[in-house]
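Okay, so here's the structure we're looking at.
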Amino acid sequence: MRNQSTSKRFNTGRWVTWGLFALLLALAPWFFTGGLAITVLSQMGIAIIACLSYNMLLGQGGMLSFGHAVYTGLGSFLAIHALNSASSGALPIPVSLVPIAGGLAGMGFAVLFGYVTTRKSGTTFAMITLGMSELVFAMSLMIPEFFGGEGGVSGNRVTGQAFLGITYGPPVQVYYLIAVYTFVSVVAMFAFTRTPLGRMLNAVRDNPERVEFVGYNTQRIRYTAFIIAGFFAGISGGLGALNFEIVTAEVVGAARSGAYLLFTFLGGATFFFGPIIGAILMVLAFVLFSEFTKAWLLYLGLIFLFMVMYAPGGIASLIMMNLRVASFGKLRQLLLSYLVLAVTGVIGLAGAAAMVEMTYHIQLNAGQGSGLVFLGAPLDAASMGSWSGAVIVMLAGFGCFELARRKFARQWSHVQGLIEQEIHERSVS
Amino acid sequence: MSALLKPALELKNLRKSFGKTEIIRGINLAVNPGERVAIIGPNGAGKSTLFNLISGRFEPTSGEVLLNGTRIDGKKPFEINRLGLSRSFQITNIFPKLSVFENLRCSVLWSLGYRYTFFKFLADLDDANARAEELMQMIKLDKKHDVLAMNLTYAEQRALEIGITIGGGAGVILLDEPTAGMSKSETSRFIELIKTVTEGKTLLTVEHDMGVVFGLADKIAVVVYGEVLAFDTPDAVRANARVQEAYLGSAVADAQAGGH
């Protein structure tokens, strides 16, 4: 992030980074084989585009949108209709370009709705996006011709002439289509942060009033950025339509918008790559974690609360802060504390989670008796022993965690002090 | 000579009311190109409100503001800025999470014609980058190139505030209490800085420090209760009995006592 101005556009480090990213996208299906893995990878690509486009608003423009799924979702619907038109021969476009139709749809609706929402900033902006989101979701139930009612709209991506043997029948072919779109979109969105509009968007986030006094119309900046974000959101939605071959009303719903916000924040809105981490976690949570436990949304909420309170910069900022410590050669003295924090934290969480799981078991699986197995330990939701055991484990874990956390906080500020001193000495000498 | 000159900034019977309270009560003022004008007056006299009216932050209730002969009253701040008027703020108003260099580059982009473009890389904008570097040296922050604005010292932030204000190359500069909150030694250095960077420009400044006012200004406008009590050279204003009575005597005493 430093030396943005002095660094050349074509420096080696950046080529290596992008090369590795491309390689990772290309090789991922070799390492993660199997049907589920390919689906998960595909969804990650789609989510990465969506979260990065959302972060154009949140992290780069300071616009807290509660309705980003409107643009991914309408992109999905337009894309599935475009796919069906292509199948019936009414629209002469290849399947590979269907996501572009989604992108144009996202952009078009952003032009339309964004004109209203971006007139205001801050809380008012947030409220209007929430209203827009509700409006579009309500419309989805009112216009079944377009939104397909409860069953949604389905399509078939295997259509038209196969090009070089690519039919998009096998999921891995769809994955590669998504990977190409992901790579291009990520590069484009990164490039955007290096343009005059991208920088002025940061300025609007920091201090909209001052922007007006250096000659820029803040509404116009927000509006243009909103349209660009809508385009990439639509691309993401279009890819989703191709991937699932069905689009239902929930893709424009508030829950989806909330997930974009939550995971973009979790990944870290202050760094460009933060939402990529968030998107990967989003897919893992929705696809895998939700299989693992019925209480996954509850855990997700707790993690979100914890992050907002203790690490508001998200995972990306945690990584960057530790990289900074490491670059001054001081990470090693923190490692033991990290280990203690991790162990005590996991113990405390295990105790808490045992109680959550027992509660869920009583509520949802009453027919199967009161016994359950949690992390290999047999528990009985009806016995006093299981409950008091869980309470003791939780209290012991969190108690030790809190002690370790206090010690770590002192240690951390000590290390930061040393680093500041070192920086100061360097600048003086 | 002044009869031939079109004023750089002219206020005609400017008025502003908030509710029933009239804060600016018919101000007339003509500032010639290249003049340095200090606006003084007691707290609550309407000095900052006057700046807000000129710069487009507020819309006047009635009256006219002319910039180089063009009416700008009622226009938006960014429109006024594009016509060549720029201002600083009494409370530091910068881009806290951007570096010093980025702050200054943001201030020059519009004037160099880059508008809302997203098809060019900032790193390739040689003129904008050179201008930002030049500004950074002018305000003596060239060693703080990559430091985030929020991590600067107060005096450095005030300098950055000036840098952003002059960045777009506006001909008319409004500085709202540029030395507010600074120590004596910082203030005198800062005044030299302001003199250098506003060379050849029309300057209006609100200032409380009488030493600064008499050192910097070609002319002084005394504003009391939303009206211009006197507008003349520093010597003439100092000798003006009405000003003495209304304001200056006590302010000079204040300045000598070390406060303002």
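Listed in order, the protein sequences are those of chains B and S. The first sequence maps to residues 1113 to 1541 in the working numbering. The second sequence maps to residues 24 to 283 in the working numbering. Using N, Cα and C, we set each Cβ at its ideal position, and we do this for glycine too. It should be emphasised that the depicted structure is a prediction, and the values quoted were computed from it without experimental measurement.
For Ala-244(S) and chain B, any beta-carbon pair shorter than 8 Å?
-> Not one chain B Cβ lies under 8 Å of Ala-244(S).
At what residue ranges does the segment 1222 to 1278 of chain B contain a whole run of the alpha helix (DSSP H), taking only runs of 4 or more?
-> Within the segment 1222 to 1278 of chain B, the complete alpha helix (DSSP H) segments of 4 residues or longer fall at 1234 to 1254 and 1256 to 1259, listed in chain order.
In angstroms with no decimal places, state the Cα-to-Cα distance between Ser-1208(B) and Arg-80(S).
-> In this model, Ser-1208(B) and Arg-80(S) are separated by some 50 Å (Cα to Cα).
Would you say Ile-1347(B) and Pro-1206(B) are within 8 Å of each other, going by their C-beta atoms?
-> At the C-beta level, Ile-1347(B) and Pro-1206(B) stay beyond 8 Å of one another.
Is the beta carbon of Thr-1090(B) less than 8 Å from the beta carbon of Gly-1264(B)?
-> Here chain B comprises residues numbered 1113 to 1541, so residue 1090(B) is not present and cannot be evaluated.
Give the residues from the segment 130 to 141 of chain S that approach chain B closer than 9 Å (Cβ to any Cβ), ordered along the chain.
-> Look at the segment 130 to 141 of chain S: the residues with a C-beta under 9 Å from a C-beta of chain B are Ser-130, Val-131, Leu-132, Trp-133, Ser-134, Tyr-137, Arg-138, Tyr-139, Thr-140 and Phe-141.
Mark Asn-1319(B) as exposed unless 16 or more other C-beta atoms lie within 10 angstroms of its C-beta, in which case mark it buried.
-> Counting Cβ neighbours within 10 Å, Asn-1319(B) comes out buried, since at least 16 surround it.
Report yes or no: do three or more beta-carbon pairs, one from the segment 1175 to 1188 of chain B and one from the segment 1159 to 1167 of chain B, lie closer than 8 Å?
-> Yes, since at least three Cβ pairs between the segment 1175 to 1188 of chain B and the segment 1159 to 1167 of chain B fall closer than 8 Å, the two stretches touch.
Cβ-based contacts, 8 Å cut-off: residues of the segment 53 to 78 of chain S near chain B = For the segment 53 to 78 of chain S, which is checked against every Cβ of chain B, the residues closer than 8 Å are Ser-78.
Which residues of chain S have a Cβ atom closer than 7 Å to the Cβ of Leu-1309(B), listed in chain order?
-> Within 7 Å Cβ-Cβ: Tyr-139, Thr-140 and Phe-141.
Which runs of the alpha helix (DSSP H), 4 residues or longer, sit entirely within the segment 106 to 159 of chain S?
-> Runs found: 123 to 132.
Under a Cβ-count criterion, where at least 16 other Cβ atoms within 10 Å of its own Cβ denotes burial, should Ile-1504(B) be classed as buried or exposed?
-> Classification of Ile-1504(B): exposed, given that the 10 Å Cβ count is below 16.
Are the segment 57 to 74 of chain S and the segment 221 to 235 of chain S touching, with three or more C-beta to C-beta distances below 8 Å?
-> Taking a cut-off of 8 Å for Cβ pairs, the segment 57 to 74 of chain S and the segment 221 to 235 of chain S touch, as three or more such pairs fall below it.
Specify the secondary structure class of Asn-51(S) as computed by DSSP and reduced to three states.
-> Per DSSP, reduced to three states, the secondary structure at Asn-51(S) is strand.
Interface partners of Ile-117(S) on chain B, CB under 9 Å | Simply Asp-1318, Asn-1319 and Arg-1322.
Please report how far the alpha carbon of Leu-1447(B) lies from the alpha carbon of Val-1455(B), in whole angstroms.
-> Their Cα atoms are separated by approximately 12 Å.
Quick one: grab the DSSP three-state call for Lys-242(S).
-> Lys-242(S): strand per DSSP, three-state reduction.
Among the residues of its own chain, which have a CB less than 6 Å from the CB of Gly-186(S), if the five just before and after it don't count?
-> Within the same chain, Leu-127, Leu-158 and Ile-162 come within 6 Å of Gly-186(S) by CB-CB distance, once the 5 residues on both sides are set aside.
So, is the C-beta of Lys-120(S) closer than 8 Å to a C-beta in chain B?
-> When Cβ-Cβ separations below 8 Å define contact, Lys-120(S) makes contact with chain B.
What does Thr-1271(B) touch in chain S if you count any residue whose Cβ is under 8 Å from its own?
-> What Thr-1271(B) touches in chain S: nothing, since even the nearest Cβ is about 35 Å away.
Determine the direct distance from the alpha carbon of Phe-1377(B) to that of Met-1421(B), and round the result to whole angstroms.
-> Near 12 Å, if we compare the C-alpha coordinates of Phe-1377(B) and Met-1421(B).
By the criterion of Cβ-Cβ separation under 8 Å, what are the contact partners of Arg-1332(B) in chain S?
-> Here the neighbours are Tyr-139.
Should His-231(S) go down as buried or exposed, given a rule of 16 or more other Cβ atoms within 10 Å for buried?
-> Looking at its Cβ environment, which holds 16 or more other Cβ atoms inside 10 Å, His-231(S) is buried.
Please compile the residues from chain S whose C-beta is within a distance smaller than 7 Å of the C-beta of Asn-1167(B).
-> None at all; the shortest Cβ gap to chain S is about 15 Å.
Listed from N- to C-terminal order along the chain, which residues in the segment 164 to 183 of chain S have their beta-carbon within a distance smaller than 7 Å of any beta-carbon of chain B?
-> Close to chain B, meaning a Cβ-Cβ distance shorter than 7 Å, are the following residues of the segment 164 to 183 of chain S: Asp-169.
Within this structure, are the beta carbons of Tyr-1293(B) and Leu-1216(B) separated by less than 8 Å?
-> No, they are not a contact pair.
Are the segment 1289 to 1304 of chain B and the segment 92 to 101 of chain S touching, with three or more C-beta to C-beta distances below 8 Å?
-> The segment 1289 to 1304 of chain B vs the segment 92 to 101 of chain S: no contact.
Verify the CB distance criterion: does His-283(S) have a CB-CB separation below 8 Å to chain B?
-> Caution applies to His-283(S), whose pLDDT of 41 falls short of 50 and renders its modelled position unreliable; the value that the coordinates give is listed next. Not an interface residue.
Kindly indicate if chain S contains any beta-carbon less than 8 Å away from that of Asn-1329(B).
-> Yes, contact with chain S.
Best match in Leu-37(S), Thr-84(S) and Ile-63(S) for proximity to Lys-43(S) [C-alpha to C-alpha] | Selection Leu-37(S), Thr-84(S) and Ile-63(S) evaluated against Lys-43(S) yields Thr-84(S) as nearest (Cα-Cα).
N- and C-terminal bounds of the beta strand (DSSP E) containing Asn-66(S) | In the DSSP annotation of this structure, Asn-66(S) is not part of any beta strand (DSSP E), being labelled neither H nor E.
Can you list the residues of chain B that Ala-153(S) reaches, using a CB-CB cut of under 9 Å?
-> The premise fails here: Ala-153(S) is roughly 11 Å from chain B at the closest Cβ pair, so nothing lies under 9 Å.
Give me the Cα-Cα distance between Ala-1494(B) and Phe-1398(B), rounded to the nearest whole angstrom.
-> Going from the Cα of Ala-1494(B) to the Cα of Phe-1398(B) covers about 30 Å.
Can you tell me where the beta strand (DSSP E) with Gly-86(S) in it begins and where it stops?
-> Per DSSP, Gly-86(S) belongs to the beta strand (DSSP E) from 85 to 90.
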